[in-house]
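Some notes on the structure that comes next.
2 protein chains.
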Amino acid sequence: MLSFLDALKRILVGRPFRTERLKQAPLRKRLALPIFSASALSSIAYAPDEVMLTLALAGSAAMSFSPSVGLAIMVVLLVIIASYRQSVKAYPSGGGDYQIASVNLGPRAGTTVAAALLVDFVLTVAVSISSASHYVIAAFPALAGHQAWVATAGVVILTVLNLRGSGRSKLGAAAPVYLFIGVVLVMLALGGLYAATGTLGTSPSAGFTVVPDPDYPHGLTGLAGVLLVLRAFSTGSAALTGVEVPISNVHILAAPKARNAAKVLALLGLFAAILTLGTMYLARAVKVNVVEDPTQDLMFNGGPIPADYIQNPVLGQLAEAIFGGASLGFYLVLALTVAVLLMAAHTSFNSFPNLASHLATDGYLPRQLRTRGDRLGFSNGILSLSIAAIVLIWLFNADVPTLIQLYVVGVFVSFTLSQLGMIKHWGRELAQTPDKRVRARIHRSRMLNIAGFLMTAAVLVIVLGTRLIHGAWLAVLGIAVLFILMDALHRHYVDVDGELAIDERDSATALPARVHALVLVSSVRKPVLRALSFARASRPSKIDAIVVDADSEQTEATLAKWAELGIPVPITVLASPYREISAPLIEHIRSIKRDSPRDLVVVYIPEYVVGRWWEQLVHNQTAMRIKNRLHYEPGVVVASVPWRLASSDSSMSLGSLNSTPISNPKDKP
Amino acid sequence: MLSFLDALKRILVGRPFRTERLKQAPLRKRLALPIFSASALSSIAYAPDEVMLTLALAGSAAMSFSPSVGLAIMVVLLVIIASYRQSVKAYPSGGGDYQIASVNLGPRAGTTVAAALLVDFVLTVAVSISSASHYVIAAFPALAGHQAWVATAGVVILTVLNLRGSGRSKLGAAAPVYLFIGVVLVMLALGGLYAATGTLGTSPSAGFTVVPDPDYPHGLTGLAGVLLVLRAFSTGSAALTGVEVPISNVHILAAPKARNAAKVLALLGLFAAILTLGTMYLARAVKVNVVEDPTQDLMFNGGPIPADYIQNPVLGQLAEAIFGGASLGFYLVLALTVAVLLMAAHTSFNSFPNLASHLATDGYLPRQLRTRGDRLGFSNGILSLSIAAIVLIWLFNADVPTLIQLYVVGVFVSFTLSQLGMIKHWGRELAQTPDKRVRARIHRSRMLNIAGFLMTAAVLVIVLGTRLIHGAWLAVLGIAVLFILMDALHRHYVDVDGELAIDERDSATALPARVHALVLVSSVRKPVLRALSFARASRPSKIDAIVVDADSEQTEATLAKWAELGIPVPITVLASPYREISAPLIEHIRSIKRDSPRDLVVVYIPEYVVGRWWEQLVHNQTAMRIKNRLHYEPGVVVASVPWRLASSDSSMSLGSLNSTPISNPKDKP
């Protein structure tokens, strides 16, 4: 059984890597840019859609408002990037927002940021892969309706790749992102050219009209209109995730790390702004209509739309309008979008286990998340992320508009606390800096972070205010639950550490007075003889064989056999009026401890090692119970003396069977 | 957690009984009769129904054939009883059919009988309690439709009573059976009187007409008619179960055991015949109509029957016709029928665990079924029976006509093999007996058993032939699976016994050459110090502390602390390029064993004892894996040195916390 699972693991994951392989060359800027940008850039695959379909609730006319919403989001992006360029110079170690919040605002703020980021990393995978699955469906319409399966397949592939430690090829990771930027830029330029010359086509959905939601009968007017625009802004701010990637990965950059990270951040902001705004303006120009539910919310010539209409994402419709429906350009855009979305998810497959490992080292998560697996990845973290993402995908049927409601909350909690931490950081710096020119620079930096804090806090309030009832409550709940678990676990580890720390009263050289060995005998067979000889070999001060008399017939047989074999160990029969094994044994041990409290009692238990799973059910049950029970007795050591049954040989190829060390009777001491 | 489950068990089951309580006074004949008859007599609660509703497939006229079918069944009953009276005299020890088949036909026949009986004991509970639930519903029509819940409640109550060891009151068990016999006899006598005076009423279902099944358009004619009569006979033979009870319980009877058992058998046959035949004749006289599905198979004045009609069992309808619908007599019959059905199931709750315990002692079932629980019942057997019966009840929704299709197969397999065994037994006796008069008696006995064998074999063929496709295949499958499991387990136990038996090459006094102690160190904390001092107390020939270098930072911290504390034990660092713990440790142990093959290696592993379930998830995972892995290494003893965390105190009230025996440093050796 073991060996089958082992073999499966070897096939999927490959042979283990040696620890030395961890050392890697630092990452050059021109490779870092695409790799660190994938997450932020990938959001143009779904963020424009979200803005437009939220506005579409107020009808076709309202959708023309989308480029303005996009512009607002980009302003926020640029402010965040400017303030992050400050942070990265102050904290160039790669600890990211978690470190900034912990150091400046205390460990509870750090835990909050960590919980928020963990939740959002899971959502990055769920949203990116769900979105990618819709692009796959745009290319292969036969898969329509099976998006959850497609997305699950994507997560599983990424999981296996990450467990294998593949996807570390820098060039392989950078190329698709550069290609994606290139192709989208070409598309936008062509689109601009066509628009200028008046030859721009229309999107497949241009002929439809949008049916406004009954809640918005007069378009974007009144308070309801303002709230809808805020909601569009809030969902569109999904475009802001991934900005934290460079700051969390400074440490793997080539020197000068902080300056390179700042440059990468600036370029990332530039590309994100151009691509997002370009896409949103052109989408309006080719009259893209996207809605939540096409069959209900779209009309064609006053009647229902064709039954076989599949609503493709905005980027896909744009490519169709500019390159043509079955053209190379169209498929190239789809394929590269899927690649960049996978890269975004892949970024989370690095960030989540990395953060989890940091947290485990600090005692906020179980230690299992700390250790590297066979291929040097944090396997347990990778698996946890993968399982959580798949659960989310199935919970929401890979539906991006629903998943996006949960998204961004975590990132903005983290942004906001990190900016607050930076403000405190500059305040402390100011107090220690007498030089006026340096003080002026610090003042400027602090102003930038204050601006960043105000903006991210405002976005957080907007996000929570407009989306809490639409699903964001689940993200908040997730963050809260994670926080509570991490906090409880940390306190547990701290308690245990205190309890186990060696203090001056502990002596490293003290020994128990004497050792009293007890050998548990059920019937006189080979395993008992072995347990006896092992117990005697440890030369205890006193040794006793113990029979618990739960079945008088069996006890008498045991005693008879004992006498017949002339075993040179006294045997004690413990009465058991209630046919129990543990209770009389423990009573006996306590009476020994009462008589000589400083003695150590070692209980030798013969145990079978079986090969087939069902054999475990018919053997060792009593031994197991006794062992568990004895664990709670102070001053008792339980020594298992294993006896391998013949069947155990088949399941373990290693080692010879029962090659007992007592083969030669001449060795008697 | 432990203590909560313990408390629940105490409330349900009560305080344990001492083993001495097992000794009981022998059972007098006048108490044995009702107790041993309950199972056989209870079948008049459902057997007449089954005969009539099978015949009803051929229409109303066919139902008048039912008393004749009942007569045929009673003839079989009397032959079985006559031959059983032979068996009980030859095998008066209470081993029953299992013993007779094993001794005379070999262990495989015995195993077959045992498997068949176990299956039928489960079915006795399922059928009796399901039938009882319909009588409860006849008294409380509001429960209609919830028969499976009522039946489950019945099984649970019986289970708890049997686990408590209650229901051993002889008088309490005997009284309801006597009362039942009395009330039914009174009812039959009254019915006969009314019939003679022409004042006999009619049953609630007398006004309905039966719609014949389309398969039987001309009533009981042709081959189809013959087969239907055989099927009615076959389902009605459920009345024959329970006849084996006296022979399986001879040993608890008062002396002379065999003669008393024979008398009980004769009286049991007499009562069963009178009650069954009386019920079936009177049921025709009051024109009872019972069918499988009343709404489909019954008509009233050519139209559908009233929608709220609930079909009560035959005995209930008879009581209603003779005593009146809401009379004391009616409710008395219902209540006593339920009591006798419960008694029948209760009989199985004795027989099943008893047989299972015999089988476990002989190595055909897991040893857990052999031991008596707190209240001296075979608790594991009781629970197994209970679970199996509840599964059957829910599988068939407590529907007696469906369950009965599975029933009787096992009993007749057992009857037939036991009769065959008796024939062989008499043959052997004849060969050893020269005395002519004794030989004549043996010849007579053998003739009786031959007649019994032919009859039971014929019934078995009829049962299988008419019911195999209706559900009996499931019983056959159950018997076959049980047989295979028991046979495999027996062979396993025999193999292990052979493997573990002590032979002349084993020496009871040989000892390993030297003991090499290894103490596994992860970090230098109190549990490690304790493991070290315990290991040193056992005065090994050689002792080593072992650090596996899976994490170089941690290893260095450990070594530094080791030096700082001045621990007087050498520490060995094992390299672990693949960050594993077990593999380097096992490699190290093997190299020790290579150098000195006759050494015993004892690995001391510090282990935490935790109190809360989730703590088990964050501690000991590595220790567990290492222990499991070391079990497969020959010549290695694993000694767990437990350290109780503070939290473990709350879950176990016993014992003081970590009262370590190394408190006094003056005890240094």
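Going down the list, the protein sequences come from chains A and B. The end of the first sequence is residue 669 by the UniProt record's numbering, with every number in the run present. The end of the second sequence is residue 669 by the UniProt record's numbering, with every number in the run present. Using N, Cα and C, we set each Cβ at its ideal position, and we do this for glycine too. Every value quoted in this text rests on a predicted model; they were computed, and no experiment measured them.
Within the continuous alpha helix (DSSP H) that includes residue i, where are the two ends?
{"i": "V463 (chain B)", "result": "K436 to R467"}
{"i": "K542 (chain B)", "result": "Premise fails: K542 (chain B) lies in the beta strand (DSSP E), K542 to D549, not in any alpha helix (DSSP H)."}
{"i": "Y604 (chain B)", "result": "Taken as a continuous stretch (DSSP letters only), Y604 (chain B) belongs to no alpha helix (DSSP H), being part of the beta strand (DSSP E) at L600 to V609."}
{"i": "L585 (chain B)", "result": "S582 to D595"}
{"i": "A388 (chain B)", "result": "S379 to L395"}
{"i": "T241 (chain B)", "result": "Here T241 (chain B) belongs to no alpha helix (DSSP H), and DSSP marks it neither H nor E."}
{"i": "H470 (chain B)", "result": "Where H470 (chain B) is concerned, there is no enclosing alpha helix (DSSP H), given that its DSSP letter is neither H nor E."}
{"i": "K627 (chain A)", "result": "Q621 to L630"}
{"i": "A224 (chain A)", "result": "G222 to G236"}
{"i": "P512 (chain B)", "result": "First-last for P512 (chain B): undefined, no H or E at that position."}
{"i": "A501 (chain A)", "result": "That residue, A501 (chain A), is in no alpha helix (DSSP H); it is neither H nor E in DSSP."}
{"i": "D399 (chain A)", "result": "First-last for D399 (chain A): undefined, no H or E at that position."}
{"i": "G427 (chain A)", "result": "V409 to Q432"}
Using the C-alpha atoms, what's the distance from residue j back to residue i?
{"i": "G154 (chain A)", "j": "D399 (chain A)", "result": "15 Å"}
{"i": "L392 (chain A)", "j": "A151 (chain A)", "result": "11 Å"}
{"i": "V519 (chain B)", "j": "S533 (chain B)", "result": "10 Å"}
{"i": "T466 (chain B)", "j": "A451 (chain B)", "result": "22 Å"}
{"i": "L489 (chain B)", "j": "V69 (chain B)", "result": "42 Å"}
{"i": "S576 (chain A)", "j": "A175 (chain B)", "result": "36 Å"}
{"i": "P246 (chain A)", "j": "A254 (chain A)", "result": "13 Å"}
{"i": "A389 (chain A)", "j": "Y46 (chain A)", "result": "18 Å"}
{"i": "Q621 (chain A)", "j": "L355 (chain A)", "result": "42 Å"}
{"i": "Y91 (chain A)", "j": "A273 (chain A)", "result": "26 Å"}
{"i": "Q405 (chain A)", "j": "G377 (chain A)", "result": "31 Å"}
{"i": "P214 (chain B)", "j": "L57 (chain B)", "result": "9 Å"}
{"i": "L315 (chain A)", "j": "A285 (chain A)", "result": "13 Å"}
{"i": "N397 (chain A)", "j": "S386 (chain A)", "result": "16 Å"}
Where do the ends of the beta strand (DSSP E) carrying residue i lie?
{"i": "V637 (chain B)", "result": "V636 to R644"}
{"i": "T572 (chain A)", "result": "I571 to A575"}
{"i": "V519 (chain A)", "result": "V515 to L520"}
Looking only at its chain, what residues have a beta carbon closer than 6 Å to the beta carbon of residue i, apart from the 5 residues adjacent to it on each side?
{"i": "A139 (chain B)", "result": "L334"}
{"i": "residue 748 (chain A)", "result": "Because chain A here runs from 1 to 669, residue 748 (chain A) falls outside it and cannot be looked at."}
{"i": "Y135 (chain A)", "result": "L334, T337 and V338"}
{"i": "K627 (chain B)", "result": "V638"}
{"i": "residue 692 (chain A)", "result": "The first residue shown for chain A is 1 and the last is 669, placing residue 692 (chain A) beyond what the model contains."}
{"i": "S102 (chain A)", "result": "G110"}
{"i": "S131 (chain A)", "result": "A45, Y46, L341 and V400"}
{"i": "T279 (chain A)", "result": "I44 and P48"}
Excluding the 5 residues preceding and the 5 following residue i in the sequence, name in chain order all residues of the same chain whose CB lies nearer than 8 Å to its CB.
{"i": "I305 (chain A)", "result": "F208, P294, T295, L298 and M299"}
{"i": "V476 (chain A)", "result": "V409, L464 and L468"}
{"i": "V229 (chain A)", "result": "L55, F65, V69 and L220"}
Kindly give me the distance between the Cβ atoms of residue i and residue j, rounded to whole angstroms, as I take these residues to be in contact under 8 Å.
{"i": "A26 (chain B)", "j": "Y178 (chain B)", "result": "This sequence places Pro at residue 26 (chain B); Ala is not what is there. Rounded, the Cβ-Cβ distance is 20 Å, inconsistent with contact."}
{"i": "P141 (chain A)", "j": "Q317 (chain A)", "result": "Contact doesn't hold; Cβ gap of about 14 Å is too wide."}
{"i": "R579 (chain B)", "j": "A550 (chain B)", "result": "5 Å"}
{"i": "L600 (chain B)", "j": "G635 (chain B)", "result": "6 Å"}
{"i": "R530 (chain A)", "j": "V641 (chain A)", "result": "6 Å"}
{"i": "S248 (chain B)", "j": "G427 (chain B)", "result": "Not a contact, Cβ separation roughly 24 Å."}
Below 7 Å CB to CB, which residues in the same chain sit around residue i once its five sequence neighbours on both sides are set aside?
{"i": "A535 (chain A)", "result": "A517, V519, I543 and Y604"}
{"i": "E429 (chain B)", "result": "I442"}
>> What ranges does the alpha helix (DSSP H) occupy inside the region 100 to 151 of chain B, keeping only unbroken runs of at least 4 residues that lie completely in it?
In response: 107 to 139
> What alpha helix (DSSP H) runs, 4 residues minimum, are completely inside the region 169 to 201 of chain B?
Replying inline: 170 to 197
> Where are the alpha helix (DSSP H) runs, 4 residues long or more, that stay fully inside the region 259 to 344 of chain B, in chain order?
Replying inline: 294 to 297 and 314 to 323
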